[in-house]
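Each remark here refers to the structure printed beneath this line.
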Amino acid sequence: MRPRPPLKGRGIISGTGLIITCLAATAVALLYPLWSYAHRPDPASADVLSAQTVMTPYGPLSARDRDFVAKVRLAGLWELPAGEQAERKGTTAAVRAAGQRLVNGLTSLDTHVRTVATQLGVPLANQPDQQQKQWLDALDSAQGQDFDRQFAGTLRLAYGRVFPLAAQIRAGTQNSLVRGLADDAGATLLDHIKALEATGYIDFATLSRELTASASPVPSPPAVAPSAAVPVTPSANEPSSLPSATTSPAPRPSSS
Numbered sequence: 001m002r003p004r005p006p007l008k009g010r011g012i013i014s015g016t017g018l019i020i021t022c023l024a025a026t027a028v029a030l031l032y033p034l035w036s037y038a039h040r041p042d043p044a045s046a047d048v049l050s051a052q053t054v055m056t057p058y059g060p061l062s063a064r065d066r067d068f069v070a071k072v073r074l075a076g077l078w079e080l081p082a083g084e085q086a087e088r089k090g091t092t093a094a095v096r097a098a099g100q101r102l103v104n105g106l107t108s109l110d111t112h113v114r115t116v117a118t119q120l121g122v123p124l125a126n127q128p129d130q131q132q133k134q135w136l137d138a139l140d141s142a143q144g145q146d147f148d149r150q151f152a153g154t155l156r157l158a159y160g161r162v163f164p165l166a167a168q169i170r171a172g173t174q175n176s177l178v179r180g181l182a183d184d185a186g187a188t189l190l191d192h193i194k195a196l197e198a199t200g201y202i203d204f205a206t207l208s209r210e211l212t213a214s215a216s217p218v219p220s221p222p223a224v225a226p227s228a229a230v231p232v233t234p235s236a237n238e239p240s241s242l243p244s245a246t247t248s249p250a251p252r253p254s255s256s
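Structure, rendered in structure tokens:
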């Protein structure tokens with residue numbers, strides 16, 4: 001019986017199969033990280049998915065949303081009195097007009113933010129924090145053109161800090177009430193920025209440097225106990241009623 005000749009073709013096929021298998025394994029190893037990354041949650045939406053997000057009738061309310069609502073209220077607690085000072089102490093018509101724009105806009109925005117906070121159960125501060133009190137004290141001590149410069153410069157820097165925040169919240173929030181508040185805040189801030197720039201006291205080179213610095217004139221809201229939150233939701237019989245706040249904007253005397 002003759003011996004069979006070696007099957008050279010089988011060896012070639014086996015070798016080719018091994019090469020194909022190795023190439024396929026390499027491709028899987030290279031593609032898996034890309035597939036895995038594509039299915040990871042977006043870091044920007046991590047807050048929405050976190051345990052700190054709560055469901056409301058108006059959509060998910062994230063920790064970032066709540067922080068924004070609190071910051072809008074806190075900012076108004078010192079910016080509105082600053083506007084009132086400008087109305088009284090401004091040495092030019094443009095400074096006084098800017099003060100009036102701030103008072104009018106912030107009074108309306110404060111009404112809005114307190115209503116939103118009531119509906120969402122977000123605790124709000126009722127007085128400026130220590131840093132804000134220092135800014136108000138500095139404005140209170142300043143006189144003449146020194147006051148004009150400090151008023152315009154300090155407020156313009158503050159608005160430069162918070163304006164991008166309103167845009168970020170507007171772009172990313174899933175809560176309809178917070179979205180509406182961000183719309184209102186953004187429009188109010190832009191109007192006030194223009195009014196402050198119209199005073200002629202803004203040094204844009206200095207402003208640019210200060211906006212890139214780490215110090216910010218928009219502090220984080222202090223911790224507020226739930227018992228200090230803006231209280232009950234307005235009743236059906238009084239849809240326009242507002243929650244009380246110990247430092248609510250005082251009524252302005254009539255100019256007539």
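Mapped onto the UniProt record's numbering, the consecutive letters of the sequence shown carry residue numbers 1 to 256.
Every residue, glycine too, gets a C-beta built ideally from N, C-alpha and C.
Proximity to residue i [Cα-Cα], best of the options
i	options	result
residue 186	109, 122 and 83	109
residue 123	169, 197 and 66	66
residue 208	161, 182, 70 and 173	161
residue 269	184, 203 and 68	The question about residue 269 has no answer, for the chain in this structure spans 1 to 256.
CB of residue i within 8 Å of CB of residue j, strictly
i	j	result
residue 106	residue 153	no
residue 130	residue 142	no
residue 196	residue 170	no
residue 96	residue 87	yes
residue 80	residue 103	yes
residue 91	residue 148	yes
residue 200	residue 82	no
Three-state class that DSSP yields for residue i in the structure shown
i	result
residue 54	strand
residue 122	coil
residue 219	Residue placement at residue 219 is poorly supported in this model, since its pLDDT is 49, which falls under 50; the coordinates still yield a value, given next. If DSSP states are grouped into helix, strand and coil, residue 219 belongs with coil.
residue 264	Nothing about residue 264 can be read from this structure; the chain reaches only from 1 to 256.
residue 145	helix
Item to check | the stretch 56 to 74 contacting the stretch 176 to 192, beta-carbon criterion three pairs below 8 Å | outcome: By the Cβ criterion, the stretch 56 to 74 is in contact with the stretch 176 to 192, since at least three pairs of Cβ atoms, one from each stretch, lie closer than 8 Å.
Checklist entry - Is the stretch 132 to 139 in contact with the stretch 191 to 211, if contact means three or more CB pairs nearer than 8 Å? => result Flag = no, the stretch 132 to 139 and the stretch 191 to 211 do not touch.
Next on the checklist: So within the stretch 46 to 114, which uninterrupted alpha helix (DSSP H) runs reach at least 4 residues, ignoring any that extend past its ends?
Outcome noted: For the stretch 46 to 114, whole alpha helix (DSSP H) runs of length 4 or above, ordered along the chain, are 46 to 49 and 63 to 89.
Checklist entry - In the stretch 158 to 212, which residue ranges form an unbroken alpha helix (DSSP H) of at least 4 residues, counting only runs that do not cross its ends? => result List check, alpha helix (DSSP H) in window: 176 to 197 and 204 to 212.
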